[in-house]
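Enquirer: Encoded as C-alpha cells, here's the structure I'll be asking about.
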Amino acid sequence: MAQPVERHPAPAGPSAGFSTGRTPSLTIRNLSKRFGATPVVQDVSLDVLPGELISLLGPSGCGKTTTLRLVAGFERPDRGSIRVDGVVVEEDRTHVAPERRRVGMVFQEYALFPHLSVAQNVAFGLTKGRDRAVRVAEMLALVGLEGAGERFPGDLSGGQQQRVAVARALAPRPAIILLDEPFSNLDQSLRVQLREEIRRILRAANATAVLVTHDQEEALSISDRVGVMLDGRLRQVAVPEELHHHPADREVAAFVGDAQFLPGSASGPTVSTALGTLRLHRPASGPVEVLIRPELIRIERGEPAGDTVQGTVVGRQFHGRDQIVSIVVGDGTVLSVRASSYVRLTAGATVDLTVRDDVVAFPV
Amino acid sequence: MAISTPQHHRLTEPDLRTGLREGASRWSRPGAGRSPYLVVLWVLALATSLLVLVPPGYLLLRSLGAGSDLWPLVFRERTLSILWNTVRLGLAVGAGGILLAVPLAWLTTRTDLPLRRFWSVVAPLPLVIPSYAGALAVIGTLGPRGLVQQWLEPLGVERLPSIYGFPGAALTLILFTYPYIYLTARAALLSLDPSLDEASRSLGRGRGRTLLTCTLPQLRPAVGAGALLAMLYTMSDFGVVTLMRFDVFTRVIYTQYRSAFDRSLASALGVMLILLAAAVLYGEFRMRRRGSFYRLGSGAARRQPTVRLGRWRWVAFAWCTLVALVALGVPMATLIWWALSGSSVGSDLGDLPAAIGNSVALSGLAALATIVAALPIAILAVRSNSRLAGLISRLTYVGFAVPGIVISLAFVFLGARYLTPFYQTLPLLILALMIRHLAQSVGSTQSALMQVSPRLEEAARALGRSPFATLRRVTLPLVWPGIASGALLVFITVLKELPITLLLSPTGFGTVATELWTATGVAQYGRAATAAMVLILLTILPTLLLGGRLSRRRATPVR
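Chains A and B, in that order, are what the protein sequence lines are.
What the first sequence shows, in this note's numbering, is residues 10 to 373, in sequence order.
What the second sequence shows, in this note's numbering, is residues 3 to 561, in sequence order.
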C-alpha cells in the first residue's frame, strides 16, 4: 500500500521538513511564545503537506492550542516564522492579520454566530454574489445538512453545530483548516461516529488540516501523522504506528499508550532483558530501559513457535473487550500483558510468552 | 502496514477545492497592512476619559488657584455645618431605606405574604417618581396648608410641625430611594443558597435565630451596597433639598453660584462634595466586591423554601400596604389632585407640549451620545489585557461621583470663560449629561460584551472579516440588547435630571423637568403637578420596555 508520507526511521528531535518537492501548506519554523515568564510554545517546527491531516496531541497546557492560535494569527509569537502555502504570514516584523491568512478555524465551542442562520454562518466568509448560494448549498450537502440552512445554531444538536462549523471554515477554501479539540464537547458515543464523519468531510474537500486534541485514541485513529507536544515542545511527529510502536523518547512513550519499562543491557542491534534477548528498532548500547507495551507480548497457546519465556499468572483485570494479565517472569519482574478477554487464565497458571516485534530502548 | 488512505484515493470524491469555482473567499481581496481598528478605539477611549476628568479637574485647579484668600472662607463653621448636614442626611436616608426595604425584600421573596407577586411589582415603583416631584407631593400633603392640615383643621389643629429642613428632606429621599436597597436586597435573597439556612436549622438554631444570625448577615454586602447607592443619590440630589430648604452642599453650591461674584468658593465646595461622593462610591464598590464572595454555587439556586407567617401574615400585609400608600399612593394622589384642581387645566399647560418634545429629544440624544462614547471604552476594557484600559473604564466612574450640580457648575465656568461659542448650547449640555451617565452605559455594555465569547470574533476574523466588519456584523448585533437597555436607563435618568439641564440649557429650551421646577418656583403647583404627572408617564413607558427586554433577553449558546 502506498504511504502518504515518508517514514522516518528515527526522528529523534523535533521533526524537520520533508523533501518531497511539494510546497507544504503550512511551514512552521522555530516558533516560540511566552505568556509572561512562562514559556508556552518552545522552538516548534512543523511541515504540513497538502491534503494531510495532522494531529497535535498533548495534555492540557502543553501549548498545542496556543500553537494553533499562533498559526491562525490570533496571537503573535516571540520568535519563529509561519508560512501558509509558501507565503510568509509571520516572521520577525511581519504579522499578517487573521483575516488575510487563508487559514480556516473550527473552534472548540464551534463559535457559530447565534444571530445568523446556518446558511448565513456558512456564507460568512464568502463575498457577495450569485455564486455564494451555490457554494453554501454545496458545503451543506458535504456535511449532510441539506435543508438545514434556514435553521439557527441554537436549534441544532452538538454534532450538527460542529458540522456547520466545519462547513463554515471550509467554504472559502482555506489553504489549511485548524480544528481545536473539535470533539471534546460531544458525548462519548457521538465522538467516535463524528470523528469518522469529519475525516470523511475533510478528505472529500481535499482539505489540509491540523487538529488539536488531548485524546490519543482520536489522534491515532484519524490522523495521517501525529505530533506529540509536551511542555511546549513538539517531541515527535510520526505516523500513528511509528509513534505508538517506536516513540522517540521515554516521555512520549509514557504519554502515548500504556507503557512499562524493563531494565536491560543493550549492545548494538540487540538488548538482553528479563524477556530474553530482543531485537532493537534502533541500535543502542549500555544500560537501557526497554519499552514493553502490554500488547507487544503474546501469550502462546499450544506449542510455542520460537524463543519463549515462561511466566506465571499472578492476577488479572478484566475489561470486557480485553484483559490485562499480570505475569511474573524469571527474575521476579511482573509484566502486564494484554490478552483477548476470551482467553481463560487463572492465577498460578504457567504460560509461554513471546515478543511480537522489535523494541525501542532509552538510555537510563 | 495499514496506514491511512493516501492522497490519490481521495480523488474518488469530487475535489471541491479546485473543481468548483463558486463563492469567492474574502481572503482573496487585495491590499495588505494593518487595520487602524485598535488605534481608533484607543484614541476615542482616551479622549472620552480625558473629557470625564475635565469638570473635577477644572474645579480643583480653580479652587487651588484662588490662593490663600479662600481658605478662611472654606474652613469656617458654616462649611462644617453643611458637611454635617450632608453626612447626616445621607446616613438617615441609608438607614431609613434599609428599615423600609429589607423587610419588604424578605417578605416578598421568602414568605407566604398575601399577594406576594403584586407587592414585588409595587415595591420598586416609587423609582418612577422623580424625587423632587415626590418632595412637591410631600409638601402638598404635610406642608403648611397641605392636605393633612386641611383634614385636621376641623379638629382644632392650627399648625403642623414644619416639614421643611432635615425631616422633610430625609423623609422624601427615604421614600423615593429605598427601591435601590430593595432591589439589591431582593436579588441577593433570591441568589442565597438555601442549604446554608438548612445547615443552620440542622445545627439547632430556630427559624428566628437562623434569620437573624444566618440569612440577614449574608445580605450585608448587598444591602450595604444598595444603601451606599441611596446615599450617593442623596448627596448629589439637588431638587429635594432645595424644595425642602435644607442646606447641604448641592443647595449651598447653587446659592453661591447664583449670588456671589467670586466663584472660587463654589468651586472649593464642589471639590469637597466630589471627595465625599467618591468615598461613598468607593465604599459601594468594595461592598459589591465582597458580596461576590458570599455566593456558594453558581447558576440558578434551588427554590427558596417559603416561611409560613401564620397570624403575622396580616401584619406583614398591613406593613406593605402602609409603605405603598406612603411612598406611592399618597404622592400620586396629591399630584393628581393638584393637577386636576389647578385653576384651569387646559389653558395652563403653557409650554408643556414643547417641553415634552424637548425632553424626549434631549434624553434620546444624551443616551445616544453616551452609548457611542461608552463602546470603545467597554470593548478595550473587556477585550484587551491592557491595564490602561481597565483604568480608563474605572475613570468613567468619576462622572458618577461628580454630582450633576458640580458638573454643570464646572461647565458654566468653563463655558463662560473659554468655550463662549458653546456656552448654553445643546452640544455642551449633551456633553455634560454624557459625562454624568457614562459609567452606567460602560457598565451595561461591558457586561453585555462579557456574554459574547471572543471566539466568535476570532471566527469572523478567520473567515476574512476586518476588525471593523467583525464589530458591525458580529459583536454589535450580539451585544445590542445589553447596550439598548443601558441606553434606555440613561434615557430615563436624563428625563428626570434637573441641575445640569437647568444650568446648561440653551435659553428658551425647557424640558418637562425644568418646566416643573419653574412652576414650583413661582408657586404654580397645579402646573408643576401636571408636569410631574407627564414626567412620570414618560418614565413609565421606557421602564416597561426595559423590564420586558430584560426578561426576554436570550442567552448566547456560546460560552
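Positions of the beta carbon are idealized from the N, C-alpha and C atoms, including for glycine.
1) Within the region 196–272 of chain B, note down every full beta strand (DSSP E) run reaching 3 residues or more, in order along the chain.
2) I want to verify the contact list: residues of chain A whose CB lies under 7 Å from the CB of A461 of chain B, in sequence order.
3) Around the C-beta of L205 of chain B, are 16 or more other C-beta atoms found within 10 angstroms, so that it is buried, or is it exposed?
4) Using a C-beta to C-beta distance shorter than 9 Å, which residues of chain A count as neighbours of V476 of chain B?
5) Between E155 of chain A and chain B, is the shortest Cβ-Cβ distance under 8 Å, so that the two count as touching?
6) Closer than 8 Å, CB to CB, is G466 of chain B near chain A or not?
7) Can you tell me whether K42 of chain A is buried or exposed? The criterion is at least 16 other CB atoms within 10 Å of its CB, across all chains shown.
8) What residue does the alpha helix (DSSP H) around A318 of chain B start on, and which one ends it?
9) Rounded to the nearest angstrom, what separates T355 of chain A and G324 of chain A at their Cα positions?
10) Could you name the residues that DSSP lists as bridge partners for K42 of chain A?
11) Would you say the region 262–271 of chain A touches the region 292–308 of chain A, given that touching needs at least three Cβ pairs under 8 Å?
12) Where do the N-terminal and C-terminal ends of the beta strand (DSSP E) with T222 of chain A fall, by residue?
13) I need the DSSP call for T279 of chain A, collapsed to helix, strand or coil.
14) Does the contact criterion of 3 or more C-beta pairs under 8 Å hold for the region 472–485 of chain B versus the region 499–514 of chain B?
15) Please report how far the alpha carbon of R353 of chain A lies from the alpha carbon of I91 of chain A, in whole angstroms.
16) Would you tell me roughly how many angstroms separate the C-alpha atoms of W340 of chain B and Q152 of chain B, rounded to the nearest one?
17) In chain A, which residues lie with their C-beta within 7 Å of the C-beta of R457 of chain B?
18) Does D224 of chain A have its Cβ less than 8 Å from a Cβ in chain B?
19) What beta strand (DSSP E) runs, 3 residues minimum, are completely inside the region 350–416 of chain B?
20) Determine whether the Cβ of S27 of chain B lies closer than 8 Å to any Cβ atom of chain A.
21) Does the beta-carbon distance from T186 of chain B to A224 of chain B come in below 8 Å?
22) Listing by chain order, which chain A residues have their CB less than 9 Å from the CB of S37 of chain B?
23) Let's see if you can read the secondary structure: which residues bound the alpha helix (DSSP H) around P483 of chain B?
24) Rounded to whole angstroms, how far is the Cβ of V242 of chain A from the Cβ of E298 of chain A, which I believe are closer than 8 Å?
25) Quick one: is S446 of chain B buried, meaning 16 or more other Cβ sit within 10 Å of its Cβ, or exposed?
26) Using 8 Å as the cut-off, can you tell me whether the region 446–455 of chain B makes contact with the region 328–335 of chain B, which would need three or more C-beta pairs spanning the two stretches below that distance?
27) Check this for me: beta carbons of L382 of chain B and V250 of chain B, under 8 Å apart or not?
28) Taking Cβ-Cβ distances shorter than 7 Å, what residues in chain A pair up with P483 of chain B?
29) To be precise: take each residue of the region 76–105 of chain A, compare its Cβ to all Cβ atoms of chain B, and keep it if any distance is under 7 Å. Which residues remain?
30) Taking 8 Å as the CB-CB limit, is L480 of chain B close to chain A?
31) Counting pairs of beta carbons, one from the region 239–258 of chain A and one from the region 51–62 of chain A, are three or more of them closer than 8 Å?
32) Thinking A279 of chain B and S238 of chain B are a contact (beta carbons under 8 Å), I'd like their distance in whole angstroms, please.
33) Roughly how many angstroms separate the alpha carbons of A21 of chain A and H253 of chain A, rounded to a whole number?
34) Going by DSSP, what residue range makes up the beta strand (DSSP E) through Q117 of chain A?
35) Between the beta-carbon of V221 of chain A and the beta-carbon of L77 of chain A, is there less than 8 Å?
36) Give a yes or no on contact between the region 360–376 of chain B and the region 485–495 of chain B, applying the rule of three or more CB pairs nearer than 8 Å.
Expert: For this structure:
1) Every candidate beta strand (DSSP E) stretch fails here, since none sits fully inside the region 196–272 of chain B while reaching 3 residues.
2) What A461 of chain B touches in chain A, judged by beta-carbon distance under 7 Å, is M114, F116 and A120, going in chain order.
3) With a threshold of 16 other beta carbon atoms within 10 Å, L205 of chain B falls short and is exposed.
4) By Cβ distance, chain A contributes F122, H124, L125 and F133.
5) At least 8 Å separates the CB of E155 of chain A from every CB of chain B.
6) By this cut-off, G466 of chain B is an interface position.
7) Flag for K42 of chain A reads buried.
8) Looking at the DSSP string, the run of the alpha helix (DSSP H) that includes A318 of chain B is R315 to A326.
9) The alpha-carbon atoms of T355 of chain A and G324 of chain A are separated by roughly 8 Å.
10) Residue pairing by DSSP puts K42 of chain A in a beta bridge opposite A:V50.
11) Yes, the region 262–271 of chain A is in contact with the region 292–308 of chain A.
12) First-last of the beta strand (DSSP E) with T222 of chain A: A218 to T222.
13) Note: T279 of chain A maps to strand in three-state DSSP.
14) A contact is defined here as three or more CB-CB pairs under 8 Å, and the region 472–485 of chain B fails this definition with respect to the region 499–514 of chain B.
15) Across the structure, R353 of chain A and I91 of chain A are spaced so that their CA atoms are roughly 55 Å apart.
16) Going from the Cα of W340 of chain B to the Cα of Q152 of chain B covers about 14 Å.
17) Listed by position along chain A, the residues whose Cβ is nearer than 7 Å to that of R457 of chain B are F116, E118 and A120.
18) Chain B places no beta carbon closer than 8 Å to that of D224 of chain A, leaving this residue out of the contacts.
19) Taking only runs of at least 3 residues, no beta strand (DSSP E) segment lies wholly in the region 350–416 of chain B.
20) True, the Cβ-Cβ gap to chain A drops below 8 Å.
21) Contact flag set, yes.
22) Within chain A, A106 and E108 have C-beta atoms less than 9 Å from the C-beta of S37 of chain B, given in sequence order.
23) L478 to K498 is the span of the alpha helix (DSSP H), which, as asked, contains P483 of chain B.
24) This sequence places Arg at residue 242 of chain A; Val is not what is there. Not a contact, Cβ separation roughly 21 Å.
25) It is buried - the Cβ of S446 of chain B has at least 16 other Cβ atoms within 10 Å.
26) The region 446–455 of chain B vs the region 328–335 of chain B: no contact.
27) Against a cut-off of 8 Å, the Cβ pair of V250 of chain B and L382 of chain B comes out as no contact.
28) In chain order: nothing, as chain A lies at least about 11 Å away.
29) Residues are counted here when their Cβ sits less than 7 Å from a Cβ of chain B; for the region 76–105 of chain A these are A81 and F83, given in chain order.
30) Contacts with chain A at 8 Å (Cβ-Cβ) include L480 of chain B.
31) In short, these stretches touch, since the Cβ pair count reaches three.
32) The C-beta distance from A279 of chain B to S238 of chain B rounds to 6 Å, short enough to meet the 8 Å contact threshold.
33) Any reading at A21 of chain A must be qualified, since the residue scores a pLDDT of 37, below 50, and its modelled position is unreliable; the value itself is stated next. Roughly 14 Å between the two C-alpha positions.
34) Per DSSP, Q117 of chain A lies in no beta strand (DSSP E) and is assigned neither H nor E.
35) Cβ distance < 8 Å, so V221 of chain A and L77 of chain A count as in contact.
36) As far as the Cβ criterion goes, the region 360–376 of chain B touches the region 485–495 of chain B, which means the pair count is three or higher.
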